[in-house]
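Per this note's numbering, the very first residue in the sequence shown carries number 6; after that it's consecutive. For every residue, glycine included, the Cβ atom is placed at its ideal position computed from N, Cα and C.
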Amino acid sequence: MRSASVHPRILGYLGRALSLEYSAVQQYMTQAGLADAWGLKDAADRFRREVVEELQHAERIVRRMLGLGVSPNASQLRPAGVARNLVDLLRQDQALEAEIVALYREATEFCRRIGDADNTAFFQGLLHEEEQHSGEIDAWLASLGATTARYGDDRAYF
Numbered sequence: 006m007r008s009a010s011v012h013p014r015i016l017g018y019l020g021r022a023l024s025l026e027y028s029a030v031q032q033y034m035t036q037a038g039l040a041d042a043w044g045l046k047d048a049a050d051r052f053r054r055e056v057v058e059e060l061q062h063a064e065r066i067v068r069r070m071l072g073l074g075v076s077p078n079a080s081q082l083r084p085a086g087v088a089r090n091l092v093d094l095l096r097q098d099q100a101l102e103a104e105i106v107a108l109y110r111e112a113t114e115f116c117r118r119i120g121d122a123d124n125t126a127f128f129q130g131l132l133h134e135e136e137q138h139s140g141e142i143d144a145w146l147a148s149l150g151a152t153t154a155r156y157g158d159d160r161a162y163f
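#1: Hey, could you find the ends of the alpha helix (DSSP H) His12 is sitting in?
#2: Quick check on this structure: which residue in Leu23, Gly130 and Ala144 has the alpha carbon closest to the alpha carbon of Ala79?
#3: Quick one: give me the first and last residue of the alpha helix (DSSP H) that Val92 is part of.
#4: Within a Cβ cutoff of 6 Å, which residues of the same chain sit near Gln97, ignoring the five residues on either side of it in sequence?
#5: Quick test of your reading: Val106 and Glu135, contact by CB under 8 Å. State the CB separation rounded to the nearest angstrom.
#6: With DSSP as the reference, label Asp121 as helix, strand or coil.
#7: Helix, strand or coil, according to DSSP, for Val56 in the structure here?
#8: Between Gln169 and Leu101, is the Cβ-Cβ spacing less than 7 Å?
#9: Between which residues of its own chain and Glu111 is the CB-CB distance below 8 Å, once the five residues before and five after are set aside?
#10: May I have the straight-line CA-CA distance separating Leu91 from Lys46, to the nearest angstrom?
#11: Determine the direct distance from the alpha carbon of Phe115 to that of Leu82, and round the result to whole angstroms.
#12: Do the CB positions of Leu63 and Ala49 come within less than 7 Å of each other?
#13: CB-CB under 7 Å to Ala151, same chain, minus the five flanking residues each way: which ones, in chain order?
#14: Could you tell me if Ser28 is buried or exposed, where buried requires 16 or more neighbouring beta carbons within 10 angstroms of its beta carbon?
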């Protein structure tokens, strides 16, 4: 089994990454449902595309873990973020994406420090994609005129 040659901390990063990616899937799926309920079809469609992107990340992590000879295990999903309006949903997404970016940045740096080029490249690729995604959320918020503005406060909490 190849896992004997893999640093245990890398396996920990992979497990945490899988948990966060599945948490993102759950969050975006829930938010797509909320946006539908609010009549925000374009937002719902965009959240559904996010679900697909995060599932693709999870699949890559699963394949990586299997390739390293370990069984994939997402240990804990975060509760899905719900809110009263689209802006608050996106702020929750900013927080989750920031956590994912921080994990991939830390994992990339650790792999670089121990000289593991393959895992450095793996985490660097995910980091790059998540940084782009985080920027897209920031741009979406900006397009709504939101940094402090609130929209749709008449919508229900769930």
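Quick look at the numbers:
#1: Within the sequence shown, numbered from 1, the residue matching residue 12 stands at position 7. Taken as a continuous stretch (DSSP letters only), His12 belongs to no alpha helix (DSSP H), as it is neither H nor E.
#2: The residue given as residue 79 occupies position 74 in the sequence shown. Residue Leu23 is the option with its Cα nearest to Ala79.
#3: By 1-based counting over the sequence shown, the position of residue 92 is 87. Leu91 to Arg118 is the extent of the alpha helix (DSSP H) around Val92.
#4: As a position in the sequence shown, residue 97 is number 92, starting the count at 1. Gly86.
#5: Translated into the one-based positions of the sequence shown, residue 106 becomes position 101. Translated into the one-based positions of the sequence shown, residue 135 becomes position 130. Yes, Val106 and Glu135 are in contact; Cβ-Cβ is about 5 Å, under 8 Å.
#6: As a working note, residue 121 is residue 116 in the sequence shown. Asp121 falls in the coil class under three-state DSSP.
#7: Working through the sequence shown from its first residue, we reach residue 56 at position 51. In the structure shown, Val56 sits in a helix (DSSP, three-state: H, G or I).
#8: Any property of residue 169 remains undetermined from this structure, which presents the chain solely from 6 to 163.
#9: Reading the sequence shown from its first residue, position 106 is the one you call residue 111. Answer for Glu111: Tyr18, listed in chain order.
#10: One-based indexing of the sequence shown puts residue 91 at position 86. One-based indexing of the sequence shown puts residue 46 at position 41. The alpha-carbon atoms of Leu91 and Lys46 are separated by roughly 12 Å.
#11: In the sequence shown, the residue the question calls residue 82 occupies position 77. In the sequence shown, the residue the question calls residue 115 occupies position 110. Answer to the nearest angstrom: the Cα atoms are 24 Å apart.
#12: Residue mapping note: residue 63 aligns to position 58 of the sequence shown, counting from 1. Residue mapping note: residue 49 aligns to position 44 of the sequence shown, counting from 1. As written in the sequence, residue 63 is Ala, which differs from the Leu given in the question. Going by C-beta atoms, Ala63 is not nearer than 7 Å to Ala49.
#13: Taking the sequence shown and counting its residues from 1, one reaches residue 151 at position 146. Contacts found: Val92.
#14: Looking up residue 28 in the sequence shown gives position 23. Ser28 should be labelled buried.
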